[in-house]
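Counting from 286, one number per residue, gives the positions in the sequence shown under my numbering.
These notes concern the structure reproduced below.
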Amino acid sequence: MDKERKLIIAGNWKMHKTVAEALDLVSDLKLELANVKEVDIVVCPPFTALGEVSKAILDSNLRLGAQNMSEHNVGAYTGEIAAVMLKEFSVRYVILGHSERRQYQKESDELVSKKAHAAHTAALKPIVCVGETLVERDAGHTEKVLEKQVRGSLAGLSKEQMSESVLAYEPVWAIGTGKTATTAQAQEAHAFIRALLGKTFDETVARRVRIQYGGSVKPSNARELLSQPDVDGALVGGASLEARSFAEIIKNSI
Ligand code: PEP
286 MDKERKLIIA
296 GNWKMHKTVA
306 EALDLVSDLK
316 LELANVKEVD
326 IVVCPPFTAL
336 GEVSKAILDS
346 NLRLGAQNMS
356 EHNVGAYTGE
366 IAAVMLKEFS
376 VRYVILGHSE
386 RRQYQKESDE
396 LVSKKAHAAH
406 TAALKPIVCV
416 GETLVERDAG
426 HTEKVLEKQV
436 RGSLAGLSKE
446 QMSESVLAYE
456 PVWAIGTGKT
466 ATTAQAQEAH
476 AFIRALLGKT
486 FDETVARRVR
496 IQYGGSVKPS
506 NARELLSQPD
516 VDGALVGGAS
526 LEARSFAEII
536 KNSI
């Protein structure tokens, strides 16, 4: 696939996989994807598997991501994980503001922006998630919601930091539901976000930032979605839990 930006496809394993299961999955992925150079491939296991997965993928083209982190660097924050702790495991990416965290942990745009700053300070690349609910889409508020989330979650980042960040457009109604945005809906939202980056930062930044699509991506729809000009990759939940389906999504995108 001829793309302006290098594709980045990340698997968000959520609260799945023990260490043993995680190691089985990456060992299969390493075999299936050994020759892929055209796509940045990222796996995001739960915190408990980061250490072992990190060692297992050392000699491979798989990169490591975390699913969340604290906005603080150190201190009395029981149960939290700091960016420097992720760096110890050679984590390169961190998913921030996933809709499940926005919904269940009530994460706000302001908090996501603090986390994005903390990630950059530690030289981690944030994958910042935005997306509207079905109620918001049906009410015609998609662009308003995206604008608020993009501006709020990325507030105060420098142009350099923004260029190194990844965005994920994930319509909430398409996550884990089997419903996928049509290619037209995905392209429209991605183009809107890119134009907004142009206004908020500048055109160079807007051209550089990779915007992933997320929401029930599977082998059968990946090619069409990823062929859209402003869709620069995918954030994959369910289909990333099996080596074959995740590998097929990646191979179908080349
Ligand atoms: C996600 O969790 O980011 C996601 C897109 O999940 P799924 O692919 O299962 O819809």
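Glycine included, each C-beta is placed from N, C-alpha and C at the ideal position.
In terms of side-chain proximity, the C-beta atom of S501 is found nearer than 7 Å to a non-hydrogen atom of the ligand PEP.
Taking a contact to require three or more Cβ pairs closer than 8 Å, the region 504-518 and the region 298-314 do not qualify as touching.
Within the DSSP secondary-structure output, D325 pairs in a beta bridge with I293. In this structure, the CA atom of L371 is about 30 Å from the CA atom of E432. Closer than 7 Å to some heavy atom of the ligand PEP: that does not describe the Cβ of L419.
When DSSP states are grouped into helix, strand and coil, R348 belongs to the strand group.
Within the model, the alpha-carbon separation for L452 versus S438 is close to 10 Å. The region 338-345 makes no contact with the region 362-370, as fewer than three CB pairs between them are under 8 Å.
Runs of the alpha helix (DSSP H) lying entirely within the region 503-537, each at least 4 residues long, are 504-511, 528-537 in chain order.
Each residue's CA atom was taken as its position, placing I460 and K536 some 22 Å apart. In the structure shown, the three-state DSSP call for A453 is strand.
Assignment of beta-bridge partners to Y498 by DSSP yields Y454, A519.
Here Y378 is bridged, per DSSP, to G350, K410. At the C-beta level, V490 and S448 come within 8 Å of one another. The beta carbon of A528 lies closer than 7 Å to those of L310, D313, L314, E317 in the same chain, with the five residues before and after it left out. Scanning V321, T363, M354 for the CA closest to the CA of R348 turns up V321. Contact check for V502 and L510: beta-carbon distance about 7 Å, within the 8 Å limit, so the pair qualifies. Annotated three-state conformation of V420 is helix, per DSSP. Collapsing the DSSP output to three states places V415 in a strand.
Nearest in C-alpha terms to A408, of all of M286, G350, K288, is G350. Comparing C-alpha distances from I326 to each of A524, A519, L526, G523 shows the shortest one belongs to A519. Within the same chain, and ignoring the five residues on either side of I478 in sequence, the residues whose Cβ sits closer than 7 Å to its Cβ are L431, V435, L452, Y454, I496.
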